[in-house]
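Enquirer: Dropping a structure here in C-alpha cells format, bear with me for questions.
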Amino acid sequence: MKPIYRGRFAPSPTGPLHFGSLVAAVGSYLEARTRGGEWLVRMEDVDTPRNVPGAAESILATLAAFGFEWDGPVLWQSRRVEAYAAVLQQLRGAGLLYGCACSRQEIAASAGHLAVDGGLVYPGRCRGGLPPGRPARAWRLRVESGETAFVDRLQGRLVQDLQRAVGDFVLRRADGLFAYQLAVVVDDHFQGITDIVRGADLLASTPRQIWLQSCLGYATPTYAHLPVASNAAGEKLSKQTLAPALDPARASRSLLHALRFLGQPAPADLALVTVSEVWAWALAHWSFAAIPRQRSIPLPNPD
Ligand code: GLU
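So that you can map any letter, position 269 of the sequence shown is 280 in the working numbering, and since no number is skipped, the others follow by simple counting.
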C-alpha cells in the first residue's frame, strides 16, 4: 500500500520567521494539503548555541497567526539526542563511522579544495584510524567514491560524488553536538516523512542525506527544492542578511507575496481579505507545475 503523503516544515530557531522561510512553509503546506496529506512541524534546534531565546515560540506563534494548521505535536530536535546517539552506535557497529582527531587547521593544511557547502573537503586522514595519542574530536561517516544521484521534482537530476564534494562528513561535531545531517535524516524517518519540500539552499546537502538514509536502510523521500528568495546583492534572505521579521498584522499580504513568489497567479485583492480566505484561494488554485524551476529569485520588493 502506498504510504500517505506526509510533508513537513523544519525551521531552525535562529531568528523570527522571515519571508524566505514563509515561502518554504507555504510551498510544503499547500503541496501536502492539496494531496490530502499531513503536514508536520519540526523545530530544528539541535545546534543549541545558534538558538535565539524565544525564536522557536515566535516562529510557532507566527505560523499560527498566518493560519497554518499542523498535524500532531511539534517535534523538538533538542529532545531527541538519545535517538541520535542510538543511530550513531548503529553506524559505528556497522563500521561506517569513525573518530577523527583532525583540527580545522590540519584539515585546511591538507584539503585540496572547497566543499559544496563552503567548508573543506575532508581528506580522509583519520579513515584508517586515529593517529597515536590523539583522541577523537568528531565522528565522521564514510562515503564512497562514485555518484549519488537523485531527481528533484523542481530542480531536475542532481549528481554528486560525495568523496569529491565533501568527503567523509561529520555526524557528531567536535563540540559534542549532533550534526544537522544526522538529525534531519533520523527525524524525517522517525516522522514517516514521504515528501520533502524546502528551500534550494539545501539542495547540495541532499546527496549526503540520501547516502545516510541508504546506510541506515531508510526509504528516501521525494525532494522538491523551491527557489530561495535573495536580496538585491544575490544573498539568501536570512537573519544574517537582515531579512525583516514577518508582521502577523500583514499576514494576508505576506501570504499573497509568497504565493506569487511560487508562481501562483494570486489576485492582488487577497492582501485585503482574511488569512482563511487567502488559504481558500490558495488551496483551490495551487499548481505545483507553476513553481519557477530556479534555485534563487531576487526579491524586488521585500515585505
Ligand atoms: N532547519 C533547516 C533550515 O532552517 C531546514 C532543514 C530542512 O528543511 O531539511 O534551514
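For each residue, glycine too, the CB sits at the ideal point set by N, CA and C. As the structure is a computational prediction, the values presented were derived from the model and not from experiment.
Hey, which unbroken runs of the alpha helix (DSSP H) at 4 residues or more fall wholly within the region 95–142?
Expert: 115–121
Enquirer: How is Ile-302 classed by DSSP in three states: helix, strand or coil?
Expert: Translated into the one-based positions of the sequence shown, residue 302 becomes position 291. Three-state DSSP puts Ile-302 in coil, outside helix and strand.
Enquirer: Taking the Cβ atom as the reference point for each residue, do Val-239 and Leu-266 lie within a distance shorter than 8 angstroms?
Expert: For this step, residue 239 is matched to residue 228 along the sequence shown. For this step, residue 266 is matched to residue 255 along the sequence shown. Going by C-beta atoms, Val-239 is not nearer than 8 angstroms to Leu-266.
Enquirer: State the Cα-Cα distance for the pair Leu-165 and Val-208, rounded to the nearest angstrom.
Expert: By 1-based counting over the sequence shown, the position of residue 165 is 154. By 1-based counting over the sequence shown, the position of residue 208 is 197. Whole-angstrom Cα-Cα distance: 10 angstroms.
Enquirer: Tell me which residues share the same chain as Ser-225 and place their Cβ nearer than 8 angstroms to its Cβ, disregarding the 5 neighbours each side in the sequence.
Expert: Working through the sequence shown from its first residue, we reach residue 225 at position 214. These residues qualify, in order along the chain: Thr-231.
Enquirer: For the region 174–206, which segments carrying the alpha helix (DSSP H) assignment without a break, of at least 4 residues, lie completely within its bounds, in sequence order?
Expert: 191–201
Enquirer: Take Ala-282 and list the residues in its own chain whose beta-carbon comes closer than 6 angstroms to its own, dropping the five residues that flank it on each side.
Expert: Indexing the sequence shown from 1 puts residue 282 at position 271. Result list for Ala-282: Ser-263, Arg-264 and Leu-267, in chain order.
Enquirer: Would you please state the rounded distance, in angstroms, between the beta carbons of Leu-331 and Leu-169? I believe it to be under 8 angstroms.
Expert: Given a span of 12 to 314 for the chain in the structure shown, any question on residue 331 remains unanswerable.
Enquirer: Name the two residues that bound the continuous alpha helix (DSSP H) containing Glu-42.
Expert: By one-based count along the sequence shown, residue 42 stands at place 31. Taken as a continuous stretch (DSSP letters only), the alpha helix (DSSP H) holding Glu-42 covers 30–45.
Enquirer: Taking 7 angstroms as the cut-off, does the CB of Pro-22 come closer than this to any heavy atom belonging to ligand 1?
Expert: Here the question's residue 22 lines up with position 11 in the sequence shown. For ligand 1, at least one heavy atom lies less than 7 angstroms from the Cβ of Pro-22.
Enquirer: Please state the DSSP three-state secondary structure of Ile-308.
Expert: Here residue 308 is taken as the residue at index 297 of the sequence shown, counted from 1. Looking at Ile-308 - three-state DSSP - the assignment turns out to be strand.
Enquirer: Leu-152 and Leu-188 - do their beta-carbons sit closer together than 8 angstroms?
Expert: Position 177 of the sequence shown, counted from the start, is the residue given in the question as residue 188. Position 141 of the sequence shown, counted from the start, is the residue given in the question as residue 152. No.
Enquirer: How many Å lie between Leu-310 and Pro-255 at the Cα?
Expert: Taking the sequence shown and counting its residues from 1, the one referred to as residue 310 is at position 299. Taking the sequence shown and counting its residues from 1, the one referred to as residue 255 is at position 244. One C-alpha to the other measures close to 13 angstroms.
Enquirer: Over what stretch of residues does the beta strand (DSSP E) that includes Thr-217 continue unbroken?
Expert: Residue mapping note: residue 217 aligns to position 206 of the sequence shown, counting from 1. Where Thr-217 is concerned, there is no enclosing beta strand (DSSP E), although the alpha helix (DSSP H) it sits in stretches over 217–227.
Enquirer: Just confirm the distance between the C-beta atoms of Ala-67 and Cys-111, as a whole number of angstroms; I'd bet it's less than 8 angstroms.
Expert: The residue you call residue 67 lines up with position 56 of the sequence shown. The residue you call residue 111 lines up with position 100 of the sequence shown. Not quite, the Cβ-Cβ distance comes to about 31 angstroms (not below 8 angstroms), so this is no contact.
Enquirer: Can you find the residues in the same chain that come closer than 7 angstroms, C-beta to C-beta, to Phe-299, ignoring five residues on each side of it along the sequence?
Expert: For the purposes of this step, residue 299 is taken as the residue at position 288 of the sequence shown. Result list for Phe-299: Glu-42, in chain order.
Enquirer: Using the Cα positions of Ser-114 and Gln-88, report the straight-line distance between them to the nearest angstrom.
Expert: Here residue 114 is taken as the residue at index 103 of the sequence shown, counted from 1. Here residue 88 is taken as the residue at index 77 of the sequence shown, counted from 1. Taking the straight line from one Cα to the other gives about 27 angstroms.
Enquirer: Enumerate in chain order the residues of its own chain whose CB-to-CB distance from Gly-38 is below 6 angstroms, with the five nearest sequence positions on each side excluded.
Expert: Numbered from 1 along the sequence shown, position 27 holds the residue referred to as residue 38. So the list reads Val-208, Leu-237 and Leu-273, once near-sequence residues are dropped.
Enquirer: Does any heavy atom of ligand 1 sit closer than 7 angstroms to the C-beta of Arg-209?
Expert: Mapped onto the sequence shown, residue 209 falls at position 198. The answer is yes for Arg-209.
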